[in-house]
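This report concerns only the one structure given below.
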Amino acid sequence: MVDSVRTAVFGALALVVVAACSTETDLTILAQGENAEGETVPLSNIKLDIVPYDIDELYEELETTTQPGQPPEADSLRALAGTYQDACAAYRATSDSIETVRQRATDIRQREGEASDAYRSAFQQYQTLVQREEQRFARCQDVTDAYTSVRNEYREARQAWEREAWPPEEFATAESLRIGEKPVQTVETDPRGAATVTVPNGDWWILGTGPVPGSISQQYRWNVQIAAEGGRDTIRLSSENAQLQPVF
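Heads up: the sequence shown begins at 2 in this note's numbering, then just goes up one per residue.
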């Protein structure tokens, strides 16, 4: 009994010593979002860069020199995106209702015939829904065209601002100085929203963007600093440590 306890204690101490002496850290990264119902869902196929510097600090340093002014506003894009989602959701809901009513009318016709009051009522409801679907489709198409136009305008303005704020050559030089000889790695989350990577001990930043479930106009942006101290660690990327930014 004493020997088994001693063995267990020594084994635990050995693990602690190994972790303390390790020069690398095995990271498990979990990317998760929150849907409209407030449920947590995994975010798959998210590309994440693990870099040894703070990219926002680099951006700020460049902007001190380039003085690009304020980036273009995305308020109109967000507002129109909400209208777009509502209009097209209404169209899809009508399409679903049409199929339900059509099936019900078919069942009534087979049971009672086309001359029955129940069938005529169901068929009239079907025709009303078809007309409504056509109207909602037209509305969805109009809003889609408007949203696409505004999004393209925003994209052009944003890309022009970024070129002025963060000139590619200056950015590459500043980034190279920050990276030095340290490795830069890219991983992609699996269907469970998970990715694994091994990094040397020290300070690292996890960079990436991921879709906000149910939104066409916003995405999560992560620039999360971590301290790798050996052994194993799990990092969670969620709405709580993300910024929201427009999709363009």
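For glycine and all other residues, C-beta sits at the position ideal for the given N, C-alpha and C.
Item to complete: Would you identify the three-state DSSP class for Pro247, choosing helix, strand or coil?
Response: strand
Worksheet item: Say the cut is 7 Å; is the CB of Leu31 nearer than that to a heavy atom of the ligand ADP?
Response: As far as ligands go, the structure on display features none, and thus does not contain the ligand ADP.
Discussion item. Considering only the alpha carbon of each residue, which of Asn242, Thr95, Gly70 and Pro43 lies closest to Ala161?
Written reply: Gly70
Discussion item. Can you confirm whether the stretch 170-181 touches the stretch 106-118 when touching is taken to mean that 3 or more C-beta pairs between the two stretches lie within less than 8 Å?
Written reply: no
Worksheet entry | Leu178 beta carbon less than 8 Å from that of Asp50 | no
Practice prompt. Would you decide whether Ile236 is buried or exposed? Buried here means 16 or more other CB atoms lie within 10 Å of its CB.
Written response: buried
Worksheet item: What's the C-alpha gap between Val42 and Asp55?
Response: 27 Å
Item to complete: Output the distance between the C-alpha atoms of Trp206 and Glu40, rounded to the nearest integer angstrom.
Response: 27 Å
Item to complete: May I have the straight-line CA-CA distance separating Phe124 from Leu81, to the nearest angstrom?
Response: 36 Å
Item to complete: Output yes or no for whether 8 Å exceeds the beta carbon distance between Asp191 and Gln226.
Response: no
Discussion item. Within the continuous beta strand (DSSP E) that includes Val102, where are the two ends?
Written reply: Per DSSP, Val102 belongs to no beta strand (DSSP E); it is in the alpha helix (DSSP H), Asp76 to Glu113.
Discussion item. Tell me which residues share the same chain as Ala243 and place their Cβ nearer than 7 Å to its Cβ, disregarding the 5 neighbours each side in the sequence.
Written reply: Tyr221, Arg222 and Trp223
Discussion item. Out of Phe249, Glu241 and Gln132, which one is the CA nearest neighbour of Ser98?
Written reply: Gln132
Worksheet item: Looking at the structure shown, is Thr29 part of a helix, part of a strand, or coil, going by DSSP?
Response: strand
Discussion item. Tell me the residue span of the alpha helix (DSSP H) that contains Pro169.
Written reply: Pro169 to Ile180
Item to complete: Could you check if Ser30 is buried or exposed, using at least 16 other CB atoms within 10 Å of its CB as the buried criterion?
Response: Contrary to the premise, residue 30 reads as Ile rather than Ser in this sequence. Buried: at least 16 other Cβ atoms inside 10 Å.
Worksheet entry | Residues near Cys141 by beta carbon distance below 6 Å, same chain, minus five either side | Ala88, Cys89 and Tyr92
Discussion item. Cutting at 7 Å between CB atoms, please list the residues of its own chain near Tyr148, excluding the five before and the five after it.
Written reply: Leu81, Ala82 and Tyr85
Item to complete: Using beta-carbon positions only, say whether Leu28 and Val198 come within less than 8 Å of one another.
Response: yes
Discussion item. Under DSSP, the alpha helix (DSSP H) around Leu59 begins and ends at which residues?
Written reply: Ile56 to Thr67
Worksheet item: What number of angstroms, rounded off, separates the C-alpha of Glu62 from the C-alpha of Ala195?
Response: 33 Å
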